[in-house]
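Structure, as structure tokens:
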Amino acid sequence: MAGEKKGLQLLDFWVSPFGQRCRIALSEKGLPYEYLEQDLGNKSELLLRSNPVHKKIPVLLHDGRPVCESLIIVQYIDEAFPGKDGKPALLPADPYARAQARFWADYVDKKLYDCGTRLWKLKGEAQQQARKEMLEILRTLDGALGDGKFFGGEAFGFADVAIAPFTAWFLTYERHGEFSVEEECPRLVAWAKRCGERESVAKNLTPPEKVYEFICGMKKRFGIE
Amino acid sequence: MTEGGELKLLGMWASPFVTRAKLALQIKGLSYEYVEEDLGSKSELLLSSNPVHKAVPVLIHDGKPVCESSVVVQYIDEAFAGAGPSLLPADPYERAVARFWAAYLEDKLVTPWRQVLRVKTDEERAEVMRQTIAAADVLEGGLKESSGGMGPFFGGESVGYVDVLLGGMISWVKATEVFSGAKIIDAAKTPLLAAWMERFCELDAARAVLQDVGALVEYARALQARFAAAAPNN
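Taken in order, these protein sequences are the chains called A and B. Residue numbering for the first sequence follows my numbering, beginning at 1 and increasing consecutively. Residue numbering for the second sequence follows my numbering, beginning at 1 and increasing consecutively.
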């Protein structure tokens with residue numbers, strides 16, 4: 001058993017969009033938990049014991065049992081703590097709607113973070129390529145949203161939880177890619193504002209300027225201009 | 001449950017990802033129309049059904065497309081919950097464990113493996129094979145954890161979600177071993193996985209669906225030649 005405590009604990013890192021997915025889900029469900037900030041430069045025994053395979057955050061501990069990987073944690077929270085009618089609230093009931101939600105969460109996982117990292121880390125030709133890809137990704141998400149209120153339609157759900165934390169990174173992408181997300185993807189920006197009106201998101205996202213500061217700090221550490 | 005037109009699978013015979021979908025459909029006892037795609041000249045149906053990735057497999061159910069093999073397998077499990085055994089367990093924690101190993105398989109084994117035919121040098125090939133084999137070693141531990149001492153499958157006594165995802169790769173695992181001369185699932189190093197592979201291949205679904213290894217080896221050689229001839233930054 002990884003930990004000893006009863007209840008919920010989240011091993012996390014303040015700026016991590018992956019960790020924030022879990023915080024949003026916990027908040028949406030009204031679940032109390034202990035937040036444990038991790039020093040990723042000097043990983044704790046608890047983290048290493050709880051996630052021996054990847055040694056990464058986030059990790060959710062439920063009565064000491066670890067759940068790893070942010071989207072898996074979100075699904076676990078949804079299923080282990082179903083709503084009053086016994087049905088989970090973040091993933092819709094309909095199998096086709098669930099498939100759509102999983103598809104978009106998978107798309108973001110495959111594409112967004114890595115492209116974003118290349119956008120701020122690299123220079124020249126490689127950065128231009130990352131910029132081009134980032135625009136394509138954001139436009140694809142904008143298109144997927146269409147005229148819908150949320151990715152799942154009327155209700156805030158799994159795909160929204162998966163993507164919302166990255167909205168705090170738009171400013172950083174914009175400054176490195178020299179484009180405006182609002183100009184390129186107005187529907188995505190409107191959706192981001194709607195998400196931001198929810199307490200679960202407002203409380204748990206890092207302010208965009210702080211994300212930018214964090215990335216500037218990372219660049220200094222890596223010796224990038 | 002379905003008559004002809006209700007379920008349609010767009011696929012390509014060699015794709016292990018399509019094989020996953022076929023295995024799930026077979027295990028659930030579902031009939032479907034199979035459409036072999038020419039990936040060099042993609043059909044209108046494929047392009048309109050999967051505009052984001054333009055890839056197979058695509059499962060079309062009552063005209064509505066589902067894309068990405070892991071999403072397709074979960075969809076089959078949930079939309080046809082009454083048909084055949086459930087691929088994911090009922091308990092939320094056990095589901096999380098199954099999803100963890102499915103994600104691990106994808107990120108750490110399948111991802112480097114996909115590079116085996118694409119990389120240009122022997123060193124690069126040795127490196128991606130090393131990563132693939134290292135992932136198999138970790139997956140062995142995952143099989144032990146998942147099956148909970150019962151076995152031989154990740155799902156325990158019966159086939160589950162991870163079994164289907166890894167099962168789709170079996171003929172390619174064997175073909176890659178022939179092709180590269182290195183063992184990925186080595187009975188000496190990963191005995192549980194080796195036993196798993198044997199038992200999986202005995203399943204009716206596997207017999208019906210898994211590709212001929214010799215055909216894949218031939219296909220792999222041709223594919224490798226194509227990648228080698230292509231421009232460096234392809």
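C-beta: ideal position from N, C-alpha, C; glycine also. Remember, it's a predicted structure, so these values are computed and weren't measured experimentally.
Think of a sphere of 8 Å around the beta carbon of R95/B: the chain A residues whose beta carbon falls inside it are Q75, Y76, E79, in chain order.
Nearest to K174/B by alpha-carbon distance, out of W101/B, V18/B, A215/B, L39/B, is A215/B. Annotation: P57/B has no Cβ neighbours in chain A at a cutoff of 7 Å; minimum Cβ distance is about 13 Å. Cβ-Cβ distances below 7 Å link Q26/B to A205, A208, V209 in the same chain, with the five nearest sequence neighbours on each side left out; the list follows chain order.
A direct Cα-to-Cα measurement between Q224/B and F81/A gives close to 49 Å. Look at V35/B here: in three-state DSSP terms it is strand. Contact with chain A is found for V66/B, since one of that chain's Cβ atoms lies less than 9 Å from the residue's Cβ. Contact with chain B is found for F103/A, since one of that chain's Cβ atoms lies less than 9 Å from the residue's Cβ. Against chain A, the CB of P16/B has no partner CB under 9 Å away; the residue lies outside that interface. The beta carbon of A202/A sits no closer than 9 Å to any beta carbon of chain B.
For R65/A, the secondary structure class from DSSP, reduced to helix, strand or coil, is strand. One thing to note: F13/A has its Cβ no nearer than 9 Å to the Cβ of P52/A. DSSP places D78/A in the uninterrupted alpha helix (DSSP H) bounded by 70–80. Residues of chain B with a Cβ closer than 8 Å to the Cβ of D106/A are, in chain order, E68, S70, V71. Contacts with chain A (Cβ-Cβ distance below 9 Å) from the segment 124–149 of chain B involve V138, G141, G142, listed in chain order.
Under DSSP, the beta-bridge partners assigned to I60/B are K8/B, P65/B.
DSSP lists E37/A as the bridge partner or partners of D12/A. No Cβ of chain A is located within less than 9 Å of the beta carbon of E33/B. When DSSP states are grouped into helix, strand and coil, V116/B belongs to the coil group. The beta carbon of F100/B sits closer than 9 Å to some beta carbon of chain A. The contact set of E78/B on chain A, defined by CB atoms closer than 7 Å, consists of P95, R98 in chain order. Put simply, the CB of R118/A is far from chain B, with every gap to its CB atoms at 9 Å or more.
When the beta-carbon positions are compared, P152/B and M129/B stay at least 9 Å from each other. Judged by DSSP secondary structure, N204/A falls within the alpha helix (DSSP H) whose first and last residues are 199–204.
Remark: C-beta atoms of V217/B and V178/B approach each other more closely than 9 Å. Here DSSP, grouped into helix, strand and coil, assigns L91/A to coil. Taking all protein chains shown into account, R102/A has 16 or more neighbouring C-beta atoms within 10 Å of its C-beta and is therefore buried. Rounded to whole angstroms, the separation of the alpha carbons of F170/A and M134/A is 10 Å.
Residue pairing by DSSP places L60/A opposite L10/A, V67/A in a beta bridge. Contiguous alpha helix (DSSP H) elements confined to the segment 122–168 of chain B occur at 122–147, 161–167, taking only those with 4 or more residues. Cβ neighbours of A126/A within its own chain (closer than 8 Å, five residues either side excluded): R118. Note that the C-beta distance between S50/A and P32/A is not below 9 Å.
Taking C-beta separations shorter than 6 Å and ignoring five residues to either side along the sequence, the partners of E28/A in its chain run S200, following chain order. Under a criterion of Cβ atoms nearer than 7 Å, the residues of chain A adjacent to P92/B are, in order, Y76, E79, A80.
The alpha-carbon of S15/B is positioned some 15 Å away from that of K42/B.
In terms of beta-carbon proximity, T140/A lines the interface with chain B, with at least one pair separated by less than 9 Å.
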